[in-house]
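Data block below; observations after.
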Amino acid sequence: MGLTIWLWPRLSGRGPLPVLGRLGSILVTQLTIMSAVLLAVNSANSFYGTWGELIGKYDRSPGQVTQVTEPGGNGKVEAGRGSGGGLVRPGGSEGLEKAGLPKGPKDKVGAVESVRLVARRANVVEPAIVYLPPQYFQKQYERQRFPVIVAISGYPGGITNLTQYLQVPKTASTLISENRMQPTVIVMVRPTIAPPRDTECVDVPDGPQAETYFTKDLPEALKSAYRVGHEASAWGVMGYSSGGTCALELAMRQPGAYPVAGALSADYRIKNDLTTGKLFGSGPDAAKRQREHDLLWRLRNLPAPHVSVLVTSSEKGEKNYAETQKFLKAVKEPMTAAKIILPAGSHNFTTWRREISPTLEWMSKQLTFPQDTVDKSKPSASSDRKAEEERKRRAEEEKRRAEEEKRKAESASGEDEEQPSGGAEVSEGADEE
Numbered sequence: 000m001g002l003t004i005w006l007w008p009r010l011s012g013r014g015p016l017p018v019l020g021r022l023g024s025i026l027v028t029q030l031t032i033m034s035a036v037l038l039a040v041n042s043a044n045s046f047y048g049t050w051g052e053l054i055g056k057y058d059r060s061p062g063q064v065t066q067v068t069e070p071g072g073n074g075k076v077e078a079g080r081g082s083g084g085g086l087v088r089p090g091g092s093e094g095l096e097k098a099g100l101p102k103g104p105k106d107k108v109g110a111v112e113s114v115r116l117v118a119r120r121a122n123v124v125e126p127a128i129v130y131l132p133p134q135y136f137q138k139q140y141e142r143q144r145f146p147v148i149v150a151i152s153g154y155p156g157g158i159t160n161l162t163q164y165l166q167v168p169k170t171a172s173t174l175i176s177e178n179r180m181q182p183t184v185i186v187m188v189r190p191t192i193a194p195p196r197d198t199e200c201v202d203v204p205d206g207p208q209a210e211t212y213f214t215k216d217l218p219e220a221l222k223s224a225y226r227v228g229h230e231a232s233a234w235g236v237m238g239y240s241s242g243g244t245c246a247l248e249l250a251m252r253q254p255g256a257y258p259v260a261g262a263l264s265a266d267y268r269i270k271n272d273l274t275t276g277k278l279f280g281s282g283p284d285a286a287k288r289q290r291e292h293d294l295l296w297r298l299r300n301l302p303a304p305h306v307s308v309l310v311t312s313s314e315k316g317e318k319n320y321a322e323t324q325k326f327l328k329a330v331k332e333p334m335t336a337a338k339i340i341l342p343a344g345s346h347n348f349t350t351w352r353r354e355i356s357p358t359l360e361w362m363s364k365q366l367t368f369p370q371d372t373v374d375k376s377k378p379s380a381s382s383d384r385k386a387e388e389e390r391k392r393r394a395e396e397e398k399r400r401a402e403e404e405k406r407k408a409e410s411a412s413g414e415d416e417e418q419p420s421g422g423a424e425v426s427e428g429a430d431e432e
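Under numbering that gives the first Met the number 0, the first residue of the sequence shown is numbered 0, with each subsequent residue one higher.
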């Protein structure tokens with residue numbers, strides 16, 4: 000800019016050379032301004048970490064999951080049947096063609112559906128894309144519920160970023176076909192419920208109730224329309240960028256909803272900015288609310304939740320690397336953590352595509368495998384017969400056991416009568432378990 004001001008009087012003459020000089024000065028000034036703006040944007044968001052990445056030289060090898068702490072056990076999904084309640088409605092077809100699934104029947108390749116989720120508590124209707132694995136349509140799985148992964152995009156990106164750029168359905172389909180991932184329903188959503196505002200999955204005082212939507216309304220809607228697990232052990236949440244931050248926040252603040260989380264390039268605290276507005280309200284409680292959304296503060300000052308999380312970063316190119324290391328060191332029992340740390344990788348989809356496959360594979364191992372979903376109130380004919388046969392078998396066994404105890408009681412005295420009875424009770428309890 001200063002050079003242009005200095006040269007301008009010297010280029011004020013007439014003729015082709017002064018005119019070309021003025022045009023060149025204007026062009027150089029514009030390029031300088033644009034370069035400064037682009038460098039500032041890249042510095043803030045880490046889209047490119049090196050000049051090599053800028054010209055397309057990327058390491059595309061998949062990341063490796065490293066377990067930081069040892070995981071605990073998982074619960075089991077109870078049998079049941081979802082009841083329809085009009086909470087899931089058909090959506091448009093936008094984004095479905097970019098899901099990347101191979102052509103073929105649903106029971107061979109699975110399916111993606113565009114829907115709108117009705118949130119009764121948050122009072123919103125939100126778009127979603129649902130991936131259903133081939134097993135969902137196969138007869139041998141027709142009485143089973145499936146684990147669920149809720150995948151959250153970054154802000155301001157939309158759901159199609161998850162299908163087109165992160166390639167979630169395509170990656171899951173490949174992993175399932177290779178038996179590296181159990182059949183799983185994946186629900187793809189955006190992180191905000193009040194666009195263009197970035198709600199960061201927070202329940203805003205007197206405002207959008209995003210945390211309530213993700214932890215109560217969304218599971219309620221999905222359970223009402225799909226054969227998905229009803230226990231928390233069947234549910235996980237993942238995301239990239241601000242969606243990854245959401246995933247960690249939801250799991251650590253609401254472990255009863257999502258005990259498993261995968262966070263790609265996440266932050267570990269939520270702050271107010273121009274896109275969020277005042278997420279924590281005002282007054283004396285605002286600072287307390289914001290502090291409770293600082294995950295490092297939570298680990299240092301509150302009991303650790305019983306959750307398993309996976310976090311990702313890069314030694315070069317990601318701004319969250321140092322915070323990721325602090326977070327992992329702060330993890331304590333009963334919480335467990337795993338990590339994917341790349342040697343180099345920036346805040347973009349090329350990096351996240353290296354991480355999505357091992358993340359899905361890791362999450363799948365944490366979630367409860369599909370369980371029998373026979374509805375006890377409306378059993379099928381075959382289950383009726385099996386149940387009746389089991390009842391008869393148990394009744395005959397109890398009858399024989401009672402007769403045997405009676406004979407022993409008649410032939411034994413005082414103490415001898417009590418010991419067999421007590422032993423029978425313990426044995427029976429063990430049989431039932």
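The C-beta atom is built at its ideal place from N, Cα and C for all residues, glycine as well.
1. Using the C-alpha atoms, what's the distance from T244 back to P168?
2. Is it a yes or a no for the segment 223–237 touching the segment 355–365, going by three-plus beta-carbon pairs under 8 angstroms?
3. Below 9 angstroms between beta carbons: does that hold for V123 and I192?
4. Can you tell which of S345, T323, Y320 and L309 has the C-alpha that lies nearest to the C-alpha of A337?
5. I'd like to check one pair, R144 with A233: are the Cβ atoms closer than 9 angstroms?
6. Measure the alpha-carbon distance for G276 versus Q324 and round it to whole angstroms.
7. Nearest by alpha-carbon distance to E360: which of L294, V330, A343 and S176 is it?
8. Please look up how many angstroms separate the CB atoms of I151 and G242, rounded, as I've assumed it's under 8 angstroms.
9. Quick one: is G109 buried, meaning 16 or more other Cβ sit within 10 Å of its Cβ, or exposed?
10. Using 8 angstroms as the Cβ pair cut-off and three pairs as the minimum, do the segment 312–324 and the segment 127–140 touch?
11. Is the segment 252–272 close to the segment 283–301, with three or more CB pairs under 8 angstroms?
12. Which parts of the segment 164–228 are runs of the alpha helix (DSSP H), unbroken and 4 residues or longer, counting only runs that do not cross its ends?
13. Report yes if the CB atom of V306 is closer than 9 angstroms to the CB atom of L221, and no otherwise.
14. Out of I340, E230 and T198, which one is the CA nearest neighbour of D272?
15. Is it true that the CB of A329 sits closer than 9 angstroms to the CB of E301?
16. So, are the CB atoms of I158 and P195 less than 9 angstroms apart?
17. Please classify R120: does DSSP put it in a helix, a strand, or coil?
18. Please confirm whether V87 and V117 have their CB atoms less than 9 angstroms apart.
19. In angstroms with no decimal places, state the Cα-to-Cα distance between G156 and Q166.
20. Just to confirm the assignment: which complete beta strand (DSSP E) runs, minimum length 3, are found wholly within the segment 294–341?
21. In the DSSP assignment, what are the bridge partners of G261?
22. Identify whether E354 lies in helix, strand or coil by the three-state DSSP scheme.
23. Going by DSSP, what residue range makes up the alpha helix (DSSP H) through R288?
24. According to DSSP, is A246 helix, strand or coil?
25. Could you tell me the distance, in whole angstroms, from the CA atom of H346 to the CA atom of T274?
26. Name the two residues that bound the continuous beta strand (DSSP E) containing R142.
27. Do you know offhand how far A188's Cα is from F213's?
28. Measure the Cβ-Cβ separation of P304 and M251 and say whether it is below 9 angstroms.
29. At the level of alpha carbons, what is the spacing between E96 and P132?
30. In whole angstroms, give me the CA-to-CA distance for K270 and D205.
31. Determine whether the beta carbon atoms of Q433 and G99 lie at a separation below 9 angstroms.
32. Assign A35 to one of three DSSP states: helix, strand, or coil.
33. What does the Cβ neighbour count give for E248, buried or exposed, with the cut at 16 atoms within 10 Å?
34. Give me the Cα-Cα distance between Q449 and Y154, rounded to the nearest whole angstrom.
35. At what residues does the alpha helix (DSSP H) containing K107 begin and finish?
36. The beta strand (DSSP E) with I148 in it runs from where to where?
This is what the structure gives:
1. 21 angstroms
2. yes
3. It is a contact, given that the beta carbons lie within the stated cut-off.
4. Minimum Cα distance to A337 is reached at L309.
5. yes
6. Taking the straight line joining both Cα atoms gives about 29 angstroms.
7. S176
8. 3 angstroms
9. buried
10. no
11. The segment 252–272 makes contact with the segment 283–301: 3 or more CB pairs, one atom from each, lie closer than 8 angstroms.
12. For the segment 164–228, whole alpha helix (DSSP H) runs of length 4 or above, ordered along the chain, are 167–176 and 217–224.
13. no
14. Comparing Cα-Cα distances from D272 to each of I340, E230 and T198, the minimum goes to T198.
15. Note that residue 301 is Leu in the sequence shown here, rather than Glu. In this structure, A329 does not lie closer than 9 angstroms to L301 by Cβ.
16. With respect to P195, I158 sits apart: the two C-beta atoms are not nearer than 9 angstroms.
17. Coil.
18. Yes. Within cutoff.
19. G156 and Q166: Cα-Cα distance of roughly 14 angstroms.
20. Those beta strand (DSSP E) runs which fall completely within the segment 294–341 and span 3+ residues are 307–315.
21. M237 and L309
22. helix
23. A285 to R290
24. helix
25. Taking the straight line joining both Cα atoms gives about 19 angstroms.
26. That residue, R142, is in no beta strand (DSSP E); it is neither H nor E in DSSP.
27. In the sequence as presented, Ala is not what sits at residue 188; that position holds Val. Computed Cα separation, rounded: 10 angstroms.
28. Contact flag set, yes.
29. 17 angstroms
30. 18 angstroms
31. The question about residue 433 has no answer, for the chain in this structure spans 0 to 432.
32. helix
33. buried
34. Residue 449 falls outside the range modelled here, since the chain spans only 0 to 432, and no answer is possible.
35. Taken as a continuous stretch (DSSP letters only), the alpha helix (DSSP H) holding K107 covers K105 to V108.
36. V147 to I151
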